[in-house]
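Worksheet: the structure to be examined is printed underneath.
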Amino acid sequence: MTADHPAPQSSIDRLTDPLLRLDGVTAGYGATTVLRDVNVDVGDGEVVGIVGRNGVGKTTTLRTVMGALTPRSGAVTYDGEDVGDLDPEETVSRGIALVPEERRIFGGLSVRENLELAELGGTDGNRGRGWTIPEVFDTFENLADNERAAGSTLSGGEQQMLAVGRALVSDARTLLLDEPTEGLAPYIVERVVETIETLRNRGMTVLLVEQNVRVALDVCDYVYVMDNGRIVHRSSADALRGDDVLDRYLGVSLAGTE
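Take the sequence shown: its position 111, counted from the start at 1, is 111 in the UniProt record's numbering, and no numbers get skipped.
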């Protein structure tokens, strides 16, 4: 590798094969190549993060997993199946759901109506991992308290919870979270962190794209650092805390912090 394209440092050892794998994926838009030979593994029940500056390809990675983009080379596999050629609807039917940065809830519908609509569009339910609407309300009390409120009246954090809840009742096994803390006040960020930890405790598999490095390190088992469309570093979250790679690629230093 050249100095512009350094080889990823550190390795991630797992005892089992990954549930979701991007293997040498190159993808982009039109004549523009965004992802270059991207390799990411996400194990069943893991929370895995991709961190990096704006515009380095993090969201494009999620769009490629969802089928909005078809890899130009490489493969996307899920539960042992090649899903790189599936469209988004077929990807959802496999149990993968995207919670986009802009959330995309229906502001004119109530919280319950948003959840009911998502439930109707879910998978066939044979995976046995889907959440019911009462379970979502039990987990996210703010949503239960605002069951009849219009989505547009919710706070940013509550809208994020509703976006996650919609994905859960669609019978998703794996969630792709795109910048879930973007634009939120610090105390609401804490609620989002609690939400992700709840998902982990319920055995959900999560691929998290996040600019807030501290959030990623707090909730993720493993973290990939992306720069210029390439994975430049991968390690456990704990190992990354003391590594200068964060300063080098993101301008963030966590030395001496807990």
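Ideal Cβ positions, reconstructed from N, Cα and C, are used throughout, including at glycine.
- Comparing C-alpha distances from residue 144 to each of 65, 113, 91, 51 shows the shortest one belongs to 113.
- With a cutoff of 9 angstroms on beta-carbon distance, residue 226 and residue 38 are scored as near each other.
- Counting only residues of its own chain and dropping the five nearest sequence neighbours on each side, residue 181 has a CB closer than 6 angstroms to the CB of 189, 192, 212, 215.
- Between the alpha carbons of residue 25 and residue 68 lies a distance of about 14 angstroms.
- A buried status is given to residue 173, since no fewer than 16 other beta-carbon atoms sit within 10 Å of its beta-carbon.
- Contact check for residue 65 against residue 176 passes: the beta carbons are separated by less than 9 angstroms.
- Look at residue 60 here: in three-state DSSP terms it is helix.
- According to the DSSP assignment, residue 77 belongs to the beta strand (DSSP E) that extends over 73 to 78.
- A direct Cα-to-Cα measurement between residue 77 and residue 27 gives close to 15 angstroms.
- In this model, residue 117 and residue 244 are separated by some 46 angstroms (Cα to Cα).
- Minimum Cα-Cα distance from residue 101 among the listed residues 197, 249, 156 corresponds to 156.
- The beta carbon of residue 115 lies closer than 7 angstroms to those of 133, 136, 165, 166, 169 in the same chain, with the five residues before and after it left out.
- Going by DSSP, residue 114 is part of no beta strand (DSSP E) but of the alpha helix (DSSP H) stretching over 111 to 120.
- Counting C-beta atoms within 10 angstroms of its own C-beta, residue 186 has fewer than 16 neighbours from the protein chains shown and is therefore classed as exposed.
- DSSP links residue 23 through a beta bridge to 75.
- Straight-line spacing of the CA atoms in residue 95 and residue 23 works out to 20 angstroms.
- Between the alpha carbons of residue 99 and residue 62 lies a distance of about 10 angstroms.
- For residue 250, the secondary structure class from DSSP, reduced to helix, strand or coil, is helix.
- The C-beta of residue 146 has 16 or more other C-beta atoms within 10 Å across all chains shown, which makes the residue buried.
- Here DSSP, grouped into helix, strand and coil, assigns residue 33 to strand.
- The Cβ atoms of residue 111 and residue 149 sit closer than 9 angstroms to each other.
- Taken atom to atom, the span from the alpha-carbon of residue 152 to that of residue 161 is near 13 angstroms.
- If the five residues before and after residue 229 are omitted, its C-beta is found closer than 6 angstroms to the C-beta atoms of 34, 35, 36, 57, all from its own chain and listed in chain order.
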